[in-house]
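Trainee:
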Amino acid sequence: MSHGITLAVAVASPLLLIALVTLSPRGRLSVRIAMRNAFRRPAQTLLVALGLSLAALLFSASFTLEAALHQAMRAQQTADLGGVDAVVTTVGTDDQEEPGEAAGTGPSALDSDDVRSIEDALDEPGTTVSSLLNLPVPVEHERTERGEPGLTVIGAANDDDAIRLVDSSGAPLARDGLREDDILLSGAASRDLRADRGDVLTVAGRAMRVVGVYETGAPLAPPASAVVSLRELQEITDLPGQVNIVTLAYDREVTWEEREDPVHGELSSLARANGWEADPLRAFAHESADRLAADLSTLFLLFGQLSMVAGVLLIVLVVMMLAGERQAEFGVLRAMGMNRGRLAFVLALEGLGYAILASTAGTLLGWAVGAGASRVLSDRVADPALPPPRLEFEFDPAAMATAYLIGVGVIAVVFALVALRASKVDIVAALRGAEVPPRSRRRAVVLPILALLAGLATTALGLQNGTAAETLTGLTLVCGALGAGLSRVRVPRRLAHSAGAVAIIVLWSLPGELFGETGSGITLFFLSGVALVGAGVWLFVSNDDLVQRALRRLLAPLPRMTSVIPIAVAYSVRNRLRSGMTIAMLSIVVLTITLSGFVTAAVNQIYSDHRPVTGGFDLQASWVSPGGAPPDLRDVFEESPHIDTSEVGRIGGYADVSVRARQIDAEAGAEEVGVWGADDDYILGNRYPVFLRAPGLDSSEEVWDELRRSPNTAVVSGTMIPSDSAAFVGGGSDLELEGVDVLDEELPGDLRLEVTGPDGDTTTLRVIGVVDRSAEYLGDVVTSTEGLARITGEDASPTHWFVAADDREEVEEVALAARRALLDHGVTVTPLQEEVEFRASSNGVVQWLLMAFMGFGLVVGCSALGVVSIRSITERRNQIGVLRAIGMQRSGIRQLFLIESLVVTVSGISLGVGLGFAVSPGLVDSLRVDLPGVTYTVPVAVLVVIIGATLLFSTLVSVLASRRAGDVPPAEALRDRT
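The following block contains the structure:
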């Protein structure tokens, strides 16, 4: 079924339900009664639909932003593929990880016969086959005295469609006129070399002119790369007629999974037989993007679902106000003989009509808002370490249909539940307009008892299963039941309710780990938000008279306010449920944004200084020469006239290899991991703390010293330890250690890894320490150079180095001097501060997305306050008429409604921010389990924006609503019985 048909069916389904009802005479009558009010009072209908559509907007905007995020992830992952769907390479060509790492250093190249054999082995008809040469080449820019000893240069025929270069403006960069002495630079290479269009570079001894700068489109190339003609690169590298990459472009769109790609057919067997590698790049990129988008959607759901709860509360609030306003009408219908079932059915039909109208408007509005937000955030929501394009909006009919059906379903269900309750209307009380008689005392006692029993059972189940969510939910029910029930047995109502609410707040402010396994953390976070806001609102409405006293004292200098405050507060007291839901609607959004701000501020503290992230180093150097032996970095610095060794503090080196490893005595099989063989200087010079240590090792220093002395030991990254923390999205190791938890005090003494080297021999490493996840510049497994030599059976001389400047203020000068000193030795130099700043900016992707969606919730909450205020004016027209008749001026009426709205707004803000401060220390402490470097930081800017924007917008809405109340004519209001 196509997406268009899916959307059409979703829209038509609710309408079909109404059409089916009209098939019977009684059904047609019910529909006429249900729709009568909509056409009789169009202004009221539009107001109700507006309130409901604001809630539907949240659902639609959520799906719209998620669809845009998914599209952006796919676009970013495939931006450099151009027209390439799959490749066949010599071993080593596609294993680049570091910028400038050698490409195409495999044991052999591909000639014309190899290319023909690849074409013959293809199972996919219509595939376009192209040939590329991808090699590291020394490039110098003499004018700026900058160079790259191993810049990745791609050679391609000028008419080869596999390379589709795009410049910074998004326009295609033509290559059909590329001459032999022309070169195209990537944006990153242009910045590194400080070369622009027209500059002359020395490429492997040949002068070449820069004729253009591209941003994306070079396949299998790092960010810093260059493109020249294929024949020119073959001449420079003395590889006439040879290539090392064969690209495949299918004649149909890649919609299949990686394992179903055509390269896994006969071509895969040919590649294995010749020592080549066949990789389905586009299918793999799609799967990678889908995984990343799913991880981001999980975090999106973590914070966004509470904003959606605000939308549900708005629906309930509007429907309850509509039902309360029409009590007299319900009484008349019941008095005329309509039974309860028919009345409930009529109201449910009316609700379905509202649901269709509101969901249609809300879905379209949410689509527009999501599209606008995608464009506004396009410059923000992009990883600067990845190529363009930015976040782009794409219409997704399936997502729109889902949002529409959710809106219709939620509104219709709420209407049905309210209809069942409204059908039990007291006929006499409704006709007289009197208060509904209180429910029986027996029922008021039975409900808390049932809640208490349910809470005890849930708590026992949670303790038995060891799950925090069940245990905390059960204890919450127990506290709530005791608070509500004790007021029935001569305990003062305020004391009982306040004690129950405070107990719930304290309970959910404690770390969840105290009550059992927290699972993924999403369910617990959602439950904590709902429980905290519910308890906070309960505490507020139980002490509303104290609010009235506080307002009187605060506004005592204004005598004109003295008579208005009691009336304003009295209405909130009389309608506690309605006031409480409105406060909850605002506070739950404010709480979510506040907690998001605390988490973001805490995690960002890690990136405020690059050295804790890099192990105390400032530069990273990598040997990229395709031949020879790596140099001794210290000797090069000592002999070079370009660098002053007194400005260099510490130097540590390592060699790395990708191998398969498994945990001994564990169920999981072997996975591919990166193993570092670090020299003594790196082992003793890095500043990474070890938070989990083997028995007998009492400090990080002892762990690193043991690693240096014992070649059969290893320190592993924290990414190999399973974590439920919400601070991480993806990025974990393929190999996860079993029997180890981040909350353990020490590692098991028999924790060992079996590592299989390139030659097939196995080596056992004893894990003696775990470094936390903030160690982003550390391999999965770190051992000594001697330990790596045992794994590979070869010399493990360092090929990568970390350098620390003696003076942190001179890092840029040391980096420039190191580049000049190492240029002739095939070693590239990368300043780490810039990379860490890139990573910090990348974390802002999730932050901006969350802020955008939760900002919608805040706007909807404030707008809903205006809708509720206007509905309140309609409901209280008689009261307005009485107040005006006894002498209250228009200004007094306006002040009355303005104070009511501001009390609710300030209460919602205060509750949300207050609960945020109460819960945030525990939330940040839970992050320290995985990130010991996080620091509790108050997000002042976020709080100022939240409080200021909410007060400003809600005040504006309240002023408009209060002016409407002041303009109600007294005589008309006294005559109005609606």
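Just so you know, the working numbering puts 842 at position 813 of the sequence shown, and the rest follows in order with no gaps.
Note that beta-carbon positions come from the ideal geometry of N, C-alpha and C, so glycine has one too.
Name the one or two DSSP bridge partners that SER813 has.
Mentor: Stepping through the sequence shown from its first residue, residue 813 is reached at position 784. Paired residue(s): ALA707.
Trainee: To the nearest angstrom, how far is it from the Cα of GLY514 to the Cα of LEU887?
Mentor: Your numbering for residue 514 matches position 485 in the sequence shown. Your numbering for residue 887 matches position 858 in the sequence shown. Cα to Cα, GLY514 sits roughly 35 Å from LEU887.
Trainee: Here's the rule I'm using: 16 or more other beta-carbon atoms within 10 Å means buried, otherwise exposed. How should ARG363 be labelled?
Mentor: On the sequence shown, position 334 is the one that residue 363 refers to. With 16 or more other Cβ atoms within 10 Å, it is buried.
Trainee: Whole angstroms is fine: what's the gap from ILE212's alpha carbon to GLY645's?
Mentor: As a first step, residue 212 must be located in the sequence shown, where it is residue number 183. As a first step, residue 645 must be located in the sequence shown, where it is residue number 616. Taking the straight line from one Cα to the other gives about 38 Å.
Trainee: Helix, strand or coil for TYR717, going by three-state DSSP, please let me know.
Mentor: Counting from one through the sequence shown, the residue named residue 717 turns up at place 688. Correct three-state label for TYR717: coil.
Trainee: Based on the DSSP secondary-structure assignment, which residues constitute the bridge partners of SER160?
Mentor: For this step, residue 160 is matched to residue 131 along the sequence shown. Paired residues: VAL275.
Trainee: Is DSSP giving GLU842 helix, strand or coil here?
Mentor: Counting from 1 along the sequence shown, the entry for residue 842 is found at position 813. Reduced to three states, the DSSP call for GLU842 is helix.
Trainee: With respect to the alpha helix (DSSP H) encompassing GLY438, which residues constitute its N-terminal and C-terminal limits?
Mentor: Counted from its first residue, the sequence shown places residue 438 at position 409. That run of the alpha helix (DSSP H) goes 426–451.
Trainee: DSSP beta-bridge partners for ARG355?
Mentor: Taking the sequence shown and counting its residues from 1, one reaches residue 355 at position 326. Answer is none; ARG355 lacks a bridge partner.
Trainee: Considering VAL632, what are the terminal residues of the alpha helix (DSSP H) in which it resides?
Mentor: Taking the sequence shown and counting its residues from 1, one reaches residue 632 at position 603. Residues 605–633.
Trainee: Short check: CB of ASN494 to CB of SER527, under 8 Å?
Mentor: Position 465 of the sequence shown, counted from the first residue, corresponds to residue 494. Position 498 of the sequence shown, counted from the first residue, corresponds to residue 527. Their beta carbons are not under 8 Å apart, which means ASN494 does not touch SER527 by this criterion.
Trainee: Alpha carbon to alpha carbon, what distance is there between VAL935 and ARG57?
Mentor: Residue 57 sits at position 28 when you count from the first residue of the sequence shown. Residue 935 sits at position 906 when you count from the first residue of the sequence shown. Approximately 47 Å, taken between the alpha carbons.
Trainee: Please list, in chain order, all residues of the same chain as THR828 whose beta carbon is under 6 Å from its beta carbon, the five residues on each side excluded.
Mentor: Residue mapping note: residue 828 aligns to position 799 of the sequence shown, counting from 1. TRP652, PRO659 and ALA684, listed in sequence order.
Trainee: Going by DSSP, name the residue or residues bridged to TRP305.
Mentor: Residue mapping note: residue 305 aligns to position 276 of the sequence shown, counting from 1. Paired residue(s): THR119.
Trainee: Could you tell me the alpha carbon to alpha carbon distance between VAL345 and ARG923, rounded to whole angstroms?
Mentor: On the sequence shown, residue 345 is found 316 positions in, with the first residue counted as 1. On the sequence shown, residue 923 is found 894 positions in, with the first residue counted as 1. Using only the alpha carbons, I get a separation of about 27 Å.
Trainee: In chain order, what residues of the same chain lie with their CB nearer than 6 Å to the CB of GLY937, ignoring the 5 residues before and after it?
Mentor: On the sequence shown, residue 937 is found 908 positions in, with the first residue counted as 1. If we look at GLY937 and ignore the five residues flanking it on each side, its Cβ neighbours are ILE612, LEU615 and SER616.
Trainee: Starting from THR496, follow the alpha helix (DSSP H) in both directions and report where the run begins and ends.
Mentor: Counted from its first residue, the sequence shown places residue 496 at position 467. Note, THR496: premise wrong, no alpha helix (DSSP H); not H, not E.
Trainee: I'd like to know if the region 850–865 and the region 632–650 are in contact, where contact means that at least 3 CB-CB pairs between them fall below 8 Å.
Mentor: Touching, per the Cβ criterion.
Trainee: Quick one: is LEU568 buried, meaning 16 or more other Cβ sit within 10 Å of its Cβ, or exposed?
Mentor: Position 539 of the sequence shown, counted from the start, is the residue given in the question as residue 568. It counts as buried.
Trainee: If distances are taken between C-alpha atoms only, which option among ALA630, THR793 and LEU852 comes closest to SER949?
Mentor: Here residue 949 corresponds to residue number 920 of the sequence shown, with the count starting at 1. Closest by alpha carbon: ALA630.
Trainee: Quick check on GLN924: does DSSP put it in helix, strand or coil?
Mentor: Working through the sequence shown from its first residue, we reach residue 924 at position 895. GLN924: helix per DSSP, three-state reduction.
Trainee: Am I right that GLY768 and ALA723 are in contact with their C-beta atoms under 8 Å? What's the rounded C-beta distance?
Mentor: As a working mapping, residue 768 is identified with position 739 in the sequence shown. As a working mapping, residue 723 is identified with position 694 in the sequence shown. At roughly 13 Å, the Cβ-Cβ gap does not stay under 8 Å, so GLY768 and ALA723 are not in contact.
Trainee: Could you tell me if SER141 is buried or exposed, where buried requires 16 or more neighbouring beta carbons within 10 angstroms of its beta carbon?
Mentor: Looking up residue 141 in the sequence shown gives position 112. SER141 comes out exposed.
Trainee: How should PHE831 be labelled, buried or exposed, when 16 other C-beta atoms within 10 angstroms of its C-beta is the threshold for buried?
Mentor: Residue 831 sits at position 802 when you count from the first residue of the sequence shown. Burial call: buried.
Trainee: Using CA coordinates, which residue listed in VAL566, SER991, ALA564 and PRO595 is at the minimum distance from ALA579?
Mentor: Your numbering for residue 579 matches position 550 in the sequence shown. Taking only the C-alpha atoms, the option nearest ALA579 is PRO595.
Trainee: Taking contact to mean 3 or more Cβ pairs, one atom from each stretch, closer than 8 Å, check whether the region 177–191 and the region 246–255 are in contact.
Mentor: As far as the Cβ criterion goes, the region 177–191 touches the region 246–255, which means the pair count is three or higher.
Trainee: Using 10 angstroms around the beta-carbon of GLU282, count the other beta-carbons present and answer buried if the total reaches 16, otherwise exposed.
Mentor: Residue numbering aside, residue 282 sits at position 253 when the sequence shown is read from its first letter. Label assigned to GLU282: exposed.
Trainee: Taking VAL457 as the reference, which of ALA302, PHE359 and VAL442 has the closest Cα?
Mentor: Mapped onto the sequence shown, residue 457 falls at position 428. Closest option to VAL457, Cα to Cα, is PHE359.
Trainee: What does VAL168 pair with, by DSSP beta-bridge criteria?
Mentor: Residue mapping note: residue 168 aligns to position 139 of the sequence shown, counting from 1. In the DSSP output, where bridge partners are listed per residue, VAL168 has GLU177 and VAL232.
Trainee: How long is the line joining the alpha carbons of GLY558 and THR505, rounded to whole angstroms?
Mentor: Here the question's residue 558 lines up with position 529 in the sequence shown. Here the question's residue 505 lines up with position 476 in the sequence shown. If I take the Cα positions, the gap works out to 13 Å.
Trainee: Could you tell me whether the region 377–391 touches the region 426–445, where touching means 3 or more Cβ pairs closer than 8 Å?
Mentor: Short answer: they touch.
Trainee: From ALA387 to GLY977, what distance separates their C-alpha atoms?
Mentor: Within the sequence shown, numbered from 1, the residue matching residue 387 stands at position 358. Within the sequence shown, numbered from 1, the residue matching residue 977 stands at position 948. Looking at the two C-alpha atoms, the distance is approximately 30 Å.
Trainee: May I ask you to report which of helix, strand or coil DSSP gives ASP412?
Mentor: Numbered from its first residue, the sequence shown carries residue 412 at position 383. Note that ASP412 scores a pLDDT of 43, beneath 50, so its modelled location is shaky and nothing firm can be said.
Trainee: In terms of residues, what are the limits of the alpha helix (DSSP H) holding GLN1071?
Mentor: Residue 1071 falls outside the range modelled here, since the chain spans only 30 to 1007, and no answer is possible.
Trainee: Go through its chain and collect everything with a Cβ distance to GLY112's Cβ below 6 Å, but skip five positions before and after it.
Mentor: On the sequence shown, position 83 is the one that residue 112 refers to. Same-chain partners within the cutoff: ASP190, ALA191, ARG193 and ALA278.
Trainee: Looking at the structure shown, is ALA185 part of a helix, part of a strand, or coil, going by DSSP?
Mentor: Here residue 185 refers to the residue found at position 156 of the sequence shown. ALA185 falls in the strand class under three-state DSSP.
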